[in-house]
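Novice: This note's numbering applies: residue 2 is where the first sequence begins, and numbers increase by one.
We treat Cβ as the ideally placed atom computed from N, Cα and C, and that holds for glycine.
Note that the structure is a prediction, hence the values are computed from the model and not measured.
Mind having a look at this structure? Questions to follow.
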Amino acid sequence: MTRGSVVHWFRKGLRVHDNAGLLDAWNMANDAKITLKPVFLLDPWFVKNAKVGTNRWRFLIQTLEDLDKSLRKIGTRLFVIKGSPEEIFPKLLKKWDVKRLTWEQDIEPYAVERDNKIEKIAKQLNVEVLTFCGHTLYELDAIVAKNKGDVPLTYQKLQGLVSKMGHPAKPVESPAKLSKESRLDSGDLEKSKYDVPDLDSILKTAGKSQEDLGPCKFHGGETEALRRLDEKISAENKSYVLKFEKPNTSPNSIEPSTTVLSPYLKFGCLSPRTFYYRLLDVYKLGKHSEPPVSLMGQLLWREFFYTVGSHTPNFDKMKGNKVCRQIDWDCHPEKLKAWAEARTGYPYIDAIMTQLRLEGWIHHLARHSVACFLTRGDLYQSWEKGMEVFEELLLDADWALNAGNWMWLSASAFFHQYYRVYSPVAFGKKTDPNGEYIRKYLPHLSKYPDKYIYQPWEAPLATQKAAGCIIGQDYPRPIVDHNVIHKVNMDRMKKAYAADKIQHEKNPPTKRSGIGNSGKEPPKKKQKTMDSFLKK
DNA sequence: CAACGGTTGTTCTC
DNA sequence: GAGAACAACCGTTG
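Written out as C-alpha cells, the structure is:
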C-alpha cells in the first residue's frame, strides 16, 4: 500500500506559522489522503559558494531542529536531504509518488535560477508546482507594477506605493494535526539518514572549525523567534514599541538596543506579516512613531531593498549594476584584512568587528560605522569586500539588504551625502562615553582611562604601561589618520561622482525593465501567481 | 530650473 | 541641548 505524497520544500521560510506553501500542502494531504513530506536540502552550492560562517551554520541547525520538532507535532517530520536540488528532486518525486510540490518564492539570483530548473523538472514528471509569497510583506512584482513598471529607488516612493496597496495579506493559520490517513508511518518517523545533522558534521563538511564558534546569544528557530516577538512587540512593552526611533537607539550598548528579530526574519523563522500585524496591534494602544524611523519603518526598509534587489541585475556588484555609482575604490588586501580582523587600531571599530565575529549580530549604526570606515570614510576599499565579510559573519545576512545597505553606506546608491563621514572616535562616544562596549570586546584595553579609551595612541607611555597595553605592541597603532584621510577620501568621492556623471551623460541608462529579476538572464517564466496581475 | 527633503555627521558656539 | 557652519550630494517635485 503505497500512498502518494505532497512535498513542501523549505529553503527560507523555516516556520510553521503563516506558511502558505506548507498550509497548502497540508490541506492537500488531508483532502487527498496522501502523506505530507516536508523537505530541506543541504545544497552543496551553499556549502561551497555561500559564505556561511560557523555561527550562522549553528543558527541554521538549531532552526531545523526546531522545525522538525514542530512538524512532528502535526504528524509529519522534516526530511533533511544532502544533495543538489537538480539531482535530488527527479529521484525523490518519483520515489515518493509526489502529486504536488510547494515552496516559498525567493528572489536571490541563485534561487531564481534553481527554482526555474526544479519547476521544469517537476512539470516533466507531472508534478504540480505551487509557489507562494511569504518572505516579504507584498508580492515584489506587484509593488513594481503599482509604480508602472519602474523600480522605486527611494524609500518615500516605496512608502507611497505600499500605502496605496493597503495592508499586506493577513497571516494564514498554522496547520493542525494531520488526519490519520495523512500522517507518516512510524518507520518514516524513526531515526534515519534524513535527520537534522549535528553541527560537528556540518562544520566538517563546510571546512569550518569548531573554534570559530562564539557564544550562542541568539538561538535559532521559530519557537525562539515567536518568544522574542512576544517579548519585544507586546502590550507589556508598548512604550518601547510606540516610541521606537531607530536613529536614537544605541549602537554600542552592552545589551542590544533594538529587537534583534533580524536573524529570524532572514531565515523566515518569523513571518514579516506576523510581525506587521503584531505591530498594528500594539500601535492601537497609543500615539506611535512613524516610518522611516519607527519599527514599522524598519519592516518597510526591508521591503524596499527586496524590491530594488529583486529587479536590478547585478545588484550585489558595482559593475553592471545600474543603481550603483562607479567608484575607483582601492584594492588593498592588508587594509581589508586588518578591518575584518579587528586590527585597525581604532577601538570603536575593532570592538564592533569583534562583536560581529563573536556573536553574529551588531547594531545597525555599528554597521554604519564600520562600513563607512572601510569604504568612503577611511580605507577606501570596495563595499563588495565588506559585504562579503558581513555575509559570512552576520546571522541575519540577507542578500538584498546586505548589498543595499553597503551601497547606501558607501554612498554608491540611495544615499549621496558622502561628506557626512562617521568619526571612528567621536560617534561611539555619544552613546557610550566611558567605553564600556570597547572594554567588553577588547579586554586588553579595559584598563585604559575614559579619556583615552577611544584614542589609546594619544595616551602617554606611562598611562599605556599602567593599563598594561602598549600601543604598537599589544594593540595596533591606527591604520590611518582619520582626521587627514577622511578629507582626502571626500575629495576622491567628489571626483568619482563627477566622473560617474560624465559617464552617465555619455551612456544614458535605458529605461528600466519592470518585470526583470536579479539574474543575468531574462526570466524564462513569470511566477504563476503574478500572471493575472501583470496582464491588467 | 530652483526649491526641497533626505532614517542615523562633526565640531563649535551659546 | 539646540543651532549654525562646514561643504554640498542626489532624486523628486512643481
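Would you identify the three-state DSSP class for E129, choosing helix, strand or coil?
Specialist: strand
Novice: Report the rounded CA-to-CA distance for I82 versus A33, giving the unit in angstroms.
Specialist: 25 Å
Novice: How many whole angstroms separate the CB atoms of V130 and V8, which I take to be in contact at a CB cut-off of 8 Å?
Specialist: Not confirmed; about 10 Å, so no contact.
Novice: Do E109 and W400 have their beta-carbon atoms positioned less than 8 Å apart in this structure?
Specialist: yes
Novice: Alpha carbon to alpha carbon, how far is K526 from N117?
Specialist: Here K526 scores only 33 on pLDDT, less than 50, and its place in the model is too uncertain to base an answer on.
Novice: Quick one: is E46 buried, meaning 16 or more other Cβ sit within 10 Å of its Cβ, or exposed?
Specialist: It is worth fixing the name first, because residue 46 is Trp in this sequence and not Glu. Flag for W46 reads exposed.
Novice: Fully enclosed by the segment 144-190, which beta strand (DSSP E) runs are 3 residues long or longer?
Specialist: none
Novice: Sorted by chain position, which residues of the same chain lie with C-beta nearer than 6 Å to H220's C-beta, five sequence neighbours on each side aside?
Specialist: Q63
Novice: Write down the C-beta distance between L301 and P292 rounded to the nearest angstrom, noting that I regard them as a contact closer than 8 Å.
Specialist: Indeed, because the Cβ distance is near 5 Å, the residues count as touching under 8 Å.
Novice: Compute the Euclidean distance between the alpha carbons of R184 and V17, then round it to the nearest angstrom.
Specialist: 16 Å
Novice: Could you tell me which residues DSSP puts in a beta bridge with Y476?
Specialist: I472
Novice: Using the C-alpha atoms, what's the distance from E140 back to I516?
Specialist: Reliability fails at I516, whose pLDDT of 35 lies under 50, so the model's placement of it is uncertain and no value is given.
Novice: Less than 8 Å between the C-beta atoms of D475 and T275, yes or no?
Specialist: Going by beta carbons, D475 and T275 fall outside the 8 Å limit.
Novice: Below 8 Å CB to CB, which residues in the same chain sit around G405 once its five sequence neighbours on both sides are set aside?
Specialist: F305, F306, V309, G310, F316, A414, F415
Novice: What do you get for C217, buried or exposed, if any count of 16 or more other CB atoms within 10 angstroms of its CB means buried?
Specialist: exposed
Novice: On a CA-only basis, which of E88, G135, S85, K502 is nearest T103? Give me that one, please.
Specialist: G135
Novice: So who's on the other strand from L37, going by DSSP bridges?
Specialist: V7
Novice: Express the C-alpha separation of S424 and W458 in angstroms, rounding to a whole number.
Specialist: About 16 Å.
Novice: Could you spell out where the beta strand (DSSP E) holding F80 opens and where it closes?
Specialist: 80-83
Novice: For P264, count neighbouring Cβ atoms within 10 angstroms of its own Cβ and tell me buried if that reaches 16, exposed if not.
Specialist: Classified as buried, P264 has 16 or more neighbouring CB atoms from the shown chains inside 10 Å of its CB.
Novice: Return the residue from the list K452, K38, A341 that minimises the CA-CA distance to K96.
Specialist: K38
Novice: Exposed or buried, what is Q504 when buried is set at 16 or more other beta-carbons lying within 10 Å of its beta-carbon?
Specialist: exposed
Novice: Do you know offhand how far I144's Cα is from T155's?
Specialist: If you draw a straight line from the Cα of I144 to the Cα of T155, it comes to about 13 Å.
Novice: Hey, R1 and G346: beta-carbon distance below 8 Å or not?
Specialist: Any question about residue 1 goes unanswered here, given that the chain covers just 2 to 537.
Novice: Could you check which residue in I255, I119, Y455 has the C-alpha nearest to that of D351?
Specialist: Comparing Cα positions, the closest option is Y455.
Novice: Based on the DSSP secondary-structure assignment, which residues constitute the bridge partners of L42?
Specialist: I82
Novice: What is the DSSP secondary structure of H18, reduced to helix, strand or coil?
Specialist: Reduced to three states, the DSSP call for H18 is coil.
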